[in-house]
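Numbering (UniProt numbering), first residue to last: 1 to 944.
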């Protein structure tokens with residue numbers, strides 16, 4: 001019998017704020033069909049829109065191309081906001097047929113259709129002369145095509161801000177359907193998950209970009225999942241790679257044929273290139289093939305199988321050298337035994353399809369403990385100890401780095417016995433520097449990964465570190481004294497590792513100071529990652545579960561080896577800044593000994609000359625070796641329209657990508673100057689944009705108009721940058737240096753979807769969620785012949801609607817779940833009903849509930865439907881195909897007048913409550929203002 005209860009209705013009848021005349025920036029209704037039926041005067045209009053009636057009435061009835069990103073339109077009603085003219089215009093860009101529309105001559109006065117020898121039409125130079133929605137597609141262009149329309153929002157009337165828009169895609173990339181070699185292709189332009197620009201309309205001049213105060217940068221994420229099976233990126237069938245002879249760009253969906261298809265014109269530099277003789281031949285079937293079916297001409301993201309000339313040497317195997325802390329602190333905390341057991345249990349997850357993976361194990365205290373295996377034998381290895389830390393050497397020329405498959409039983413025996421080798425040790429030291437040197441010497445001829453597991457500050461040998469004076473935390477000199485590298489060895493060594501194709505990953509679990517700021521330089525310049533687990537101890541089941549899961553996921557991740565990334569662009573642009581974990585080998589070549597799948601990168605773009613083309617192009621290429629030993633090139637293509645009008649630029653700006661860029665710049669300023677200067681930079685970024693909008697783009701510069709008007713598609717940018725000032729990386733208060741350094745490291749490497757959640761946590765009111773939340777999604781399939789209905793159950797879990805990160809509407813009897821991308825918090829309000837407590841926790845007494853880092857008790861659906869649904873929701877939040885992070889759950893009980901005195905006065909309870917509430921970034925706190933106060937401050941600054 002189900003224990004689902006009907007909780008007292010009056011307690012859960014939360015007073016909702018009145019509906020606001022708010023318009024979704026780019027969530028659209030898929031039911032809308034075509035511009036022909038679009039009556040703009042019947043749409044809900046913001047007051048600001050009435051100031052520009054002529055502009056609205058001139059909306060042209062042109063078909064525009066289908067969504068260049070190939071993503072389905074979002075429903076405005078799904079987010080609780082009315083569709084507006086801007087959103088309706090975007091709907092048309094997303095619901096058109098994938099086939100290129102047939103234009104009428106009365107719509108476009110110019111244009112022609114060029115026949116090619118393969119019987120398919122290529123519409124070249126097809127840009128009409130009709131009136132434009134957003135302006136001209138580039139200066140000097142004789143024809144125009146519609147761009148995104150500009151609409152205005154007043155930030156002061158948009159409270160609370162519509163945070164559901166944080167999950168929407170960026171403004172559509174609207175390019176002519178004839179831009180692609182296969183007209184109307186939906187897959188030709190890059191998905192925003194792989195490649196996105198801060199501006200989806202590019203300024204035609206550097207002066208216009210400077211005037212806009214908006215950054216021009218690219219967010220690049222070549223891999224969007226830990227495993228290839230979850231990406232489904234098309235791969236070419238042969239090793240034919242056609243590239244431009246001048247700019248070296250790869251052939252792509254945006255080139256054009258010349259000379260009856262015998263040559264192709266590069267869309268980047270305009271040079272004509274010969275089409276390879278085998279381009280129209282299928283090697284597998286040994287027959288003639290249709291070139292238009294080649295994946296590189298149809299898809300924005302493809303992988304080329306590289307021929308031998310792309311290989312400097314034979315493909316390297318996957319190599320893992322595990323450097324394990326075996327000092328007294330590591331053994332006592334349980335790190336040594338936990339790591340050994342986790343590696344043992346994860347051996348089958350290491351990508352090793354071709355049976356070439358190699359591993360080595362080094363135990364480190366004040367000595368280096370190597371293990372020499374006898375090739376092909378199952379007996380336990382011999383331990384060799386090196387005590388010379390000044391000039392560490394390899395104690396044996398062979399048997400230290402061995403094939404995993406051929407020596408599986410011996411490796412398993414070592415990992416099983418590994419903790420016993422160091423049981424009861426009293427050695428307090430950890431010689432990380434010498435261990436890294438030795439590991440580097442061991443694998444530098446091959447390349448691979450050095451994976452470090454540490455619970456102790458490096459205290460002896462090269463790279464020795466000491467605890468720093470944390471009294472400077474929260475003060476102007478904090479960045480210089482606590483957040484910069486303490487020993488130049490770490491950066492110098494990391495750069496050397498990069499040149500030798502060696503990546504370093506860190507798993508730090510110290511209960512004391514670890515100097516994350518210094519050690520994180522090792523992964524930063526070798527394309528690795530720093531994972532930090534403060535106060536970790538094996539006595540906590542939750543601690544062990546998190547570390548074990550993340551190590552296992554890390555080892556299972558399919559990585560690209562010996563990789564380099566280069567981003568090419570149309571003539572007139574230059575890559576001017578690079579951000580992320582890698583090393584710049586040359587002016588535009590980023591080097592990755594192993595390319596991680598759980599990070600992304602930001603590249604700033606400079607405009608060096610006037611752009612005269614209506615569409616410009618960017619191409620990211622990653623040359624790499626796969627886990628199974630095949631040399632490949634992953635190529636991602638992006639086409640972006642241009643304009644000489646400022647309103648076009650603002651109407652298509654991507655607020656999330658801009659946040660990513662500004663975050664990197666703020667980190668750079670914070671480390672080079674001070675965290676205070678970083679916060680000032682974030683504030684100035686918002687002020688500059690609002691000032692430009694007010695002076696240049698407010699219709700008619702209306703007297704008395706609000707100084708906090710901004711384009712609708714950017715209306716959450718102030719909220720995001722304000723929230724960033726409250727992130728642990730920039731927060732204006734005293735914090736442990738390791739926590740601050742870890743936060744800055746995360747902000748500088750997280751993929752955009754995880755970065756936004758870290759900046760602005762997601763909050764769910766579980767006591768108000770719909771009955772079907774926490775259960776698999778269902779849909780009805782109707783047989784077209786019989787009309788019979790069939791219920792289809794999905795594997796996806798329906799999630800509650802998120803609410804603003806503020807406790808302004810929180811109820812004293814509510815149950816709230818907070819996800820900040822790293823941890824999960826379950827806030828149980830002090831006035832919650834005993835029935836709810838019983839259903840979720842299995843006890844009627846709120847103060848018998850286990851708090852802190854815990855897991856919920858597990859009840860079946862029949863025993864407690866509410867408990868089951870909450871655990872399903874938590875499980876869904878923990879499922880991440882693109883990250884190794886396992887989110888611990890923290891249960892916190894809110895204050896109430898009836899709580900026992902020992903709880904009300906308990907320091908741990910108050911600390912936990914403060915930590916949870918710090919995630920409600922819209923609220924005022926002891927050390928910072930609230931979002932409403934921030935807007936008031938902005939208004940004062942802009943009105944000056």
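Every residue, glycine too, gets a C-beta built ideally from N, C-alpha and C.
Remember, predicted model here, so these are calculated numbers, not experimental data.
Does the region 462–474 come within contact of the region 395–415, defined as at least 3 CB pairs closer than 8 angstroms?
no
Does the distance from the C-beta atom of residue 594 to that of residue 449 stay below 8 angstroms?
Taking the chain shown and counting its residues from 1, the one referred to as residue 594 is at position 594. Taking the chain shown and counting its residues from 1, the one referred to as residue 449 is at position 449. The answer is yes: Cβ separation under 8 angstroms.
In terms of residue numbering, what span does the beta strand (DSSP E) encompassing residue 373 cover?
In the chain shown, the residue the question calls residue 373 occupies position 373. Unbroken run through residue 373: none, as it is neither H nor E.
Flag this pair as touching only if the region 865–874 and the region 790–804 have three or more C-beta atom pairs under 8 angstroms; answer yes or no.
yes
Hey, residue 280 and residue 263: beta-carbon distance below 8 angstroms or not?
Position 280 of the chain shown, counting from 1, holds the residue named residue 280. Position 263 of the chain shown, counting from 1, holds the residue named residue 263. No; because the gap between Cβ atoms is not below 8 angstroms, this pair is not in contact.
One question on the structure: do residue 589 and residue 616 come within less than 8 angstroms of each other, judged by their Cβ atoms?
To locate residue 589, count along the chain shown from 1; it is residue 589. To locate residue 616, count along the chain shown from 1; it is residue 616. Their beta carbons are not under 8 angstroms apart, which means residue 589 does not touch residue 616 by this criterion.
My understanding is that residue 299 touches residue 187, with C-beta atoms under 8 angstroms, so please give their C-beta distance in whole angstroms.
As a working mapping, residue 299 is identified with position 299 in the chain shown. As a working mapping, residue 187 is identified with position 187 in the chain shown. Right, the Cβ-Cβ distance comes to about 5 angstroms (below 8 angstroms), so this counts as a contact.
Whole-angstrom Cβ separation of residue 644 and residue 199, contact assumed at under 8 angstroms?
The residue labelled residue 644 in the question sits at position 644 within the chain shown. The residue labelled residue 199 in the question sits at position 199 within the chain shown. Actually they do not touch by this definition, with Cβ atoms about 13 angstroms apart.
The region 532–544 contacting the region 468–482, beta-carbon criterion three pairs below 8 angstroms:
no
Can the beta-carbon of residue 219 be found less than 8 angstroms from the beta-carbon of residue 196?
Position 219 of the chain shown, counted from the first residue, corresponds to residue 219. Position 196 of the chain shown, counted from the first residue, corresponds to residue 196. Yes; because the gap between Cβ atoms is below 8 angstroms, this pair is in contact.
Assuming residue 265 contacts residue 277 (C-beta within less than 8 angstroms), just tell me the rounded distance between them.
Sequence index remark: in the chain shown, residue 265 carries index 265 (1-based). Sequence index remark: in the chain shown, residue 277 carries index 277 (1-based). A Cβ-Cβ distance of about 18 angstroms is found for the pair residue 265 and residue 277, leaving them out of contact under the 8 angstroms criterion.
Residue 605: buried (16+ other C-beta within 10 angstroms of its C-beta) or exposed?
Counting from one through the chain shown, the residue named residue 605 turns up at place 605. Residue 605 should be labelled buried.
Judging by CA-CA distance, which residue of 423, 694 and 926 is the nearest neighbour of residue 711?
Along the chain shown, one-based indexing puts residue 711 at 711. The shortest C-alpha separation from residue 711 is found at 694.
Just to confirm my understanding: we take residue 929, look at its own chain, exclude 5 residues before and 5 after, and list those with CB closer than 6 angstroms. What are they?
Counted from its first residue, the chain shown places residue 929 at position 929. There are no such residues.
Find out if the Cβ-Cβ distance for the pair residue 518, residue 496 is shorter than 8 angstroms.
Here residue 518 refers to the residue found at position 518 of the chain shown. Here residue 496 refers to the residue found at position 496 of the chain shown. Cβ atoms of residue 518 and residue 496: not closer than 8 angstroms.
Option in 805, 391, 426 and 639 with minimal Cα separation from residue 437
Translated into the one-based positions of the chain shown, residue 437 becomes position 437. Closest by alpha carbon: 391.
Pull up the distance between the alpha-carbon of residue 49 and that of residue 150, whole angstroms please.
As a position in the chain shown, residue 49 is number 49, starting the count at 1. As a position in the chain shown, residue 150 is number 150, starting the count at 1. With a pLDDT of only 33 at residue 49, under the threshold of 50, the placement of this residue in the model should not be trusted; the figure read from the coordinates follows. In a straight line, the C-alpha of residue 49 is about 10 angstroms away from that of residue 150.
Around the C-beta of residue 363, are 16 or more other C-beta atoms found within 10 angstroms, so that it is buried, or is it exposed?
Working through the chain shown from its first residue, we reach residue 363 at position 363. Around the C-beta of residue 363, 16 or more other C-beta atoms lie within 10 Å, and the residue is accordingly described as buried.
Shortest alpha-carbon distance to residue 451 belongs to which of 541, 904, 339 and 421?
For this step, residue 451 is matched to residue 451 along the chain shown. Considering only alpha carbons, the answer is 339.
Which one or two residues does DSSP pair with residue 633 in a beta bridge?
Position 633 of the chain shown, counted from the start, is the residue given in the question as residue 633. Looking at the DSSP assignment, residue 633 forms a beta bridge with 304 and 623.
Just checking, does the region 801–812 make contact with the region 758–775 on the three C-beta pairs under 8 angstroms criterion?
yes
Alpha carbon to alpha carbon, how far is residue 689 from residue 673? Give it in angstroms, no decimals.
For this step, residue 673 is matched to residue 673 along the chain shown. For this step, residue 689 is matched to residue 689 along the chain shown. About 23 angstroms.
Leaving out the 5 sequence neighbours to the left and right, which residues in its chain are closer than 6 angstroms to residue 528 when beta-carbon positions are compared?
For the purposes of this step, residue 528 is taken as residue 528 along the chain shown, with counting starting at 1. Once the five neighbours on either side are set aside, the close Cβ partners of residue 528 are 503, 504 and 505.
Classify residue 393 as buried or exposed, calling it buried when 16 or more other Cβ atoms lie within 10 Å of its own Cβ.
Counting from 1 along the chain shown, the entry for residue 393 is found at position 393. With fewer than 16 Cβ atoms within 10 Å of its Cβ, residue 393 is classed as exposed.
Could you tell me the boundaries of the alpha helix (DSSP H) in which residue 891 lies?
As a first step, residue 891 is located in the chain shown; it is residue number 891 there, counting from the start. From DSSP, residue 891 is part of no alpha helix (DSSP H) but of the beta strand (DSSP E) over 888–893.
Tell me which residues share the same chain as residue 751 and place their Cβ nearer than 6 angstroms to its Cβ, disregarding the 5 neighbours each side in the sequence.
Taking the chain shown and counting its residues from 1, the one referred to as residue 751 is at position 751. Around residue 751: 221 and 600.
Minimum C-alpha distance to residue 548 - residue among 823, 334, 592 and 578
Taking the chain shown and counting its residues from 1, the one referred to as residue 548 is at position 548. Minimum Cα distance to residue 548 is reached at 334.
What are the boundary residues of the beta strand (DSSP E) that includes residue 502?
Sequence index remark: in the chain shown, residue 502 carries index 502 (1-based). From DSSP, the beta strand (DSSP E) with residue 502 extends over 502–508.
Which class does residue 932 belong to by DSSP, given the choice of helix, strand or coil?
By one-based count along the chain shown, residue 932 stands at place 932. For residue 932, the three-state secondary structure derived from DSSP is helix.
Rounded to whole angstroms, what's the CA-CA distance from residue 888 to residue 444? Just pull it up for me.
As a position in the chain shown, residue 888 is number 888, starting the count at 1. As a position in the chain shown, residue 444 is number 444, starting the count at 1. One C-alpha to the other measures close to 37 angstroms.
Mapping the DSSP letters down to three states, classify residue 939 as helix, strand or coil.
Here residue 939 is taken as the residue at index 939 of the chain shown, counted from 1. In this structure, residue 939 counts as helix in the three-state DSSP scheme.
Range of the contiguous beta strand (DSSP E) that encloses residue 577
Here residue 577 corresponds to residue number 577 of the chain shown, with the count starting at 1. Run containing residue 577: 573–579, per the beta strand (DSSP E) assignment.
Kindly list the residues whose CB is nearer than 6 angstroms to the CB of residue 258, restricted to its own chain and excluding five residues on each side of it in sequence; keep chain order.
The residue given as residue 258 occupies position 258 in the chain shown. So the list reads 265 and 272, once near-sequence residues are dropped.
What alpha helix (DSSP H) runs, 4 residues minimum, are completely inside the region 503–564?
516–519, 521–524 and 541–556
Name the one or two DSSP bridge partners that residue 151 has.
The residue given as residue 151 occupies position 151 in the chain shown. Looking at the DSSP assignment, residue 151 forms no beta bridge with any residue, so it has no partner.
Close Cβ partners of residue 783 (< 6 angstroms) along its chain, the five nearest in sequence each way excluded:
For the purposes of this step, residue 783 is taken as the residue at position 783 of the chain shown. Contacts found: none.
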